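Peer 1: Just dropping this structure here.
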Ligand code: C5P
């Protein structure tokens, strides 16, 4: 028996970052949006697919210090266009997700995972979170646990701030450190072009650079402390310091792509462009091609452009390719959700 889930990449249509919290995270307020670029995660009982010793991207991982005779056994095979730079051992977030779910459910961690990566790594698209979400969904089904997505989401938050959203997809307002979600209904499809950059950006490094730029007065700071935004109270972290503008929510609910494009913004963009100045050229190329909006996605370095329709997406792709300012382009639509295949 095996179970496969395809799990989408995410972009952030707006992303406001608050101050650094005592726990090392930043409060944020964002609109997450899942788009049609997917990793596939398959889970099967390990003994159905023996380890392939000739495959360099295939590794056994027996729960770190698992003793012989332990019933835990997790292994991972990576393939697909973006599998090359990822560890296939116990540090991979998908493997950690399997162990976390097994421990929480009180069952042995037994699975062989295959992750087929079409989502670029460390690109601001939550590819690692997608893999962790896929592993949770697939093992939940393989092991017959019957956990609801809401119950899985509680566990997902311990794996990473974006993992709860990767489990549900669609469009959602995210607050806290990104783990608190309020779904949004968006009528119809939005058409996007992703400009995939050469190389990666580390999310913590981009957050650190943003703090430094703010400290130096070179990037707009978080709202003055004491500002109370509408929103829920994060347990133990005080009132939310940032919120999503109502005008963005209105534009999304109305399916008004031009207005959504005009309102797209990302507080992390200044830091990502500071670390990777060539992103400024990518952003200019997409905007000159008439994109309704164009920003860095999450912590970057992927840039995301909103198009009027599929034909307009192709025009933007052509302009980006002609500009020679990115490594690859992807035409995607959103919102989409994870699904079992
Ligand atoms: O939650 P996740 O593992 O994706 O976070 C990676 C790192 O990004 C954190 O250790 C933290 O440095 C930074 N981060 C943050 N504020 C957030 C989310 C992530 O500072 N809301």
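Residue numbers (the numbering used here): 125 to 465.
Virtual Cβ for every residue (Gly too), placed ideally from N, Cα, C.
Given the structure is predicted, the values throughout are model-derived calculations rather than measurements.
Taking 7 angstroms as the cut-off, is the C-beta of residue 367 nearer than that to any heavy atom in the ligand C5P?
Peer 2: If you number the chain shown from 1, residue 367 lands on position 243. False, no ligand heavy atom lies under 7 angstroms from that Cβ.
Peer 1: Residue 398 and residue 333: beta carbons closer than 8 angstroms?
Peer 2: The sequence position of residue 398 within the chain shown is 274, counting from 1. The sequence position of residue 333 within the chain shown is 209, counting from 1. A contact, by the Cβ cut-off of 8 angstroms.
Peer 1: Return the residue from the list 419, 415 and 422 that minimises the CA-CA distance to residue 435.
Peer 2: Locating residue 435 in the chain shown gives position 311, counting from the first residue. Of the listed residues, the one whose Cα sits closest to residue 435 is 415.
Peer 1: Quick check on the contact list: which residues have their beta carbon closer than 6 angstroms to a heavy atom of the ligand C5P?
Peer 2: 148, 149, 150, 152, 284, 285, 286, 301, 302, 327, 328 and 331
Peer 1: By the three-class DSSP mapping on this structure, what secondary structure does residue 289 have?
Peer 2: In the chain shown, counting from the first residue as 1, residue 289 sits at position 165. Residue 289: helix per DSSP, three-state reduction.
Peer 1: Whole angstroms are fine: how far does the CA of residue 288 sit from the CA of residue 133?
Peer 2: Position 9 of the chain shown holds residue 133. Position 164 of the chain shown holds residue 288. About 13 angstroms.
Peer 1: Measuring alpha carbon to alpha carbon, tell me which residue in 324, 453 and 443 is nearest residue 428.
Peer 2: Within the chain shown, residue 428 is the residue found at index 304, counting from 1. Residue 453 is the option with its Cα nearest to residue 428.
Peer 1: Under three-state DSSP, which class holds residue 159?
Peer 2: Numbered from 1 along the chain shown, position 35 holds the residue referred to as residue 159. The answer is strand: DSSP assigns residue 159 an E or B state.
Peer 1: Check this for me: beta carbons of residue 321 and residue 209, under 8 angstroms apart or not?
Peer 2: For this step, residue 321 is matched to residue 197 along the chain shown. For this step, residue 209 is matched to residue 85 along the chain shown. Taking 8 angstroms as the Cβ cut-off, residue 321 and residue 209 do not qualify as a contacting pair.
Peer 1: Taking all protein chains shown into account, do 16 or more other C-beta atoms lie within 10 angstroms of the C-beta of residue 359, making it buried, or fewer, making it exposed?
Peer 2: Mapped onto the chain shown, residue 359 falls at position 235. With a pLDDT of 39 at residue 359, under the threshold of 50, the predicted position of this residue should be treated as unreliable, and no value is reported.
Peer 1: Quick check on this structure: which residue in 346, 392, 282 and 242 has the alpha carbon closest to the alpha carbon of residue 326?
Peer 2: Within the chain shown, numbered from 1, the residue matching residue 326 stands at position 202. Minimum Cα distance to residue 326 is reached at 392.
Peer 1: Just to confirm my understanding: we take residue 190, look at its own chain, exclude 5 residues before and 5 after, and list those with CB closer than 6 angstroms. What are they?
Peer 2: If you number the chain shown from 1, residue 190 lands on position 66. Residue placement at residue 190 is flagged as unreliable, the pLDDT there being 39, under the threshold of 50; the coordinate-derived value follows with that caveat. Counting only Cβ-Cβ distances below 6 angstroms, and skipping sequence neighbours, we find 196.
Peer 1: In terms of residue numbering, what span does the beta strand (DSSP E) encompassing residue 257 cover?
Peer 2: Translated into positions along the chain shown, residue 257 becomes position 133. First-last for residue 257: 251 to 266, but that is the alpha helix (DSSP H), not the beta strand (DSSP E).
Peer 1: Enumerate in chain order the residues of its own chain whose CB-to-CB distance from residue 412 is below 8 angstroms, with the five nearest sequence positions on each side excluded.
Peer 2: Residue mapping note: residue 412 aligns to position 288 of the chain shown, counting from 1. The answer, listed in chain order, is 443.
Peer 1: For residue 468 and residue 389, what's the separation of their Cα atoms in angstroms?
Peer 2: Here the chain comprises residues numbered 125 to 465, so residue 468 is not present and cannot be evaluated.
Peer 1: Straight-line CA distance for residue 430 to residue 232?
Peer 2: For the purposes of this step, residue 430 is taken as residue 306 along the chain shown, with counting starting at 1. For the purposes of this step, residue 232 is taken as residue 108 along the chain shown, with counting starting at 1. In a straight line, the C-alpha of residue 430 is about 45 angstroms away from that of residue 232.
Peer 1: Spatial neighbours of residue 439 within its chain, please: CB distance less than 8 angstroms, with the 5 preceding and 5 following residues excluded, ordered by chain position.
Peer 2: Looking up residue 439 in the chain shown gives position 315. Excluding residues within five positions, the ones whose Cβ falls inside 8 angstroms are 413, 414 and 431.
Peer 1: Just to confirm my understanding: we take residue 420, look at its own chain, exclude 5 residues before and 5 after, and list those with CB closer than 8 angstroms. What are they?
Peer 2: Mapped onto the chain shown, residue 420 falls at position 296. The answer, listed in chain order, is 248, 390, 392, 393, 396, 397, 403, 407, 426, 427 and 428.
Peer 1: Could you please give me the residues that DSSP links to residue 132 through a beta bridge?
Peer 2: For the purposes of this step, residue 132 is taken as residue 8 along the chain shown, with counting starting at 1. 162, per the DSSP bridge assignment.
Peer 1: Does the segment 290 to 300 come close enough to the segment 146 to 154 that 3 or more CB-CB pairs lie under 8 angstroms?
Peer 2: They touch, by the three-pair rule.
Peer 1: In this structure, what does DSSP give as the bridge partners for residue 326?
Peer 2: Walking along the chain shown from the start, residue 326 turns up at place 202. Answer is none; residue 326 lacks a bridge partner.
Peer 1: Have a look at the DSSP bridge pairing and note the partners of residue 225.
Peer 2: Looking up residue 225 in the chain shown gives position 101. In DSSP, residue 225 forms no bridge with anything.
Peer 1: Can you tell me whether residue 423 is helix, strand or coil according to DSSP?
Peer 2: Position 299 of the chain shown holds residue 423. Residue 423: coil per DSSP, three-state reduction.
Peer 1: Express the C-alpha separation of residue 311 and residue 220 in angstroms, rounding to a whole number.
Peer 2: Counting from one through the chain shown, the residue named residue 220 turns up at place 96. Counting from one through the chain shown, the residue named residue 311 turns up at place 187. Approximately 36 angstroms, taken between the alpha carbons.
Peer 1: Taking C-beta to C-beta, are residue 158 and residue 460 nearer than 8 angstroms?
Peer 2: Counting from 1 along the chain shown, the entry for residue 158 is found at position 34. Counting from 1 along the chain shown, the entry for residue 460 is found at position 336. Yes, the Cβ-Cβ distance between residue 158 and residue 460 is below 8 angstroms.
Peer 1: Could you please give me the residues that DSSP links to residue 307 through a beta bridge?
Peer 2: Against the chain shown, residue 307 aligns to sequence position 183. 296, per the DSSP bridge assignment.
Peer 1: Helix, strand or coil: how does DSSP classify residue 464 here?
Peer 2: Taking the chain shown and counting its residues from 1, one reaches residue 464 at position 340. Of the three classes helix, strand and coil, the one that applies to residue 464 here is strand, per DSSP.
Peer 1: If you compare alpha carbons, which of 302, 282, 258 and 451 is closest to residue 168?
Peer 2: By 1-based counting over the chain shown, the position of residue 168 is 44. Measuring from the Cα of residue 168, the nearest candidate turns out to be 258.
Peer 1: Using the C-alpha atoms, what's the distance from residue 225 back to residue 337?
Peer 2: Here residue 337 refers to the residue found at position 213 of the chain shown. Here residue 225 refers to the residue found at position 101 of the chain shown. Roughly 39 angstroms between the two C-alpha positions.
Peer 1: For residue 433, which three-state DSSP category applies?
Peer 2: Here residue 433 corresponds to residue number 309 of the chain shown, with the count starting at 1. Of the three classes helix, strand and coil, the one that applies to residue 433 here is coil, per DSSP.
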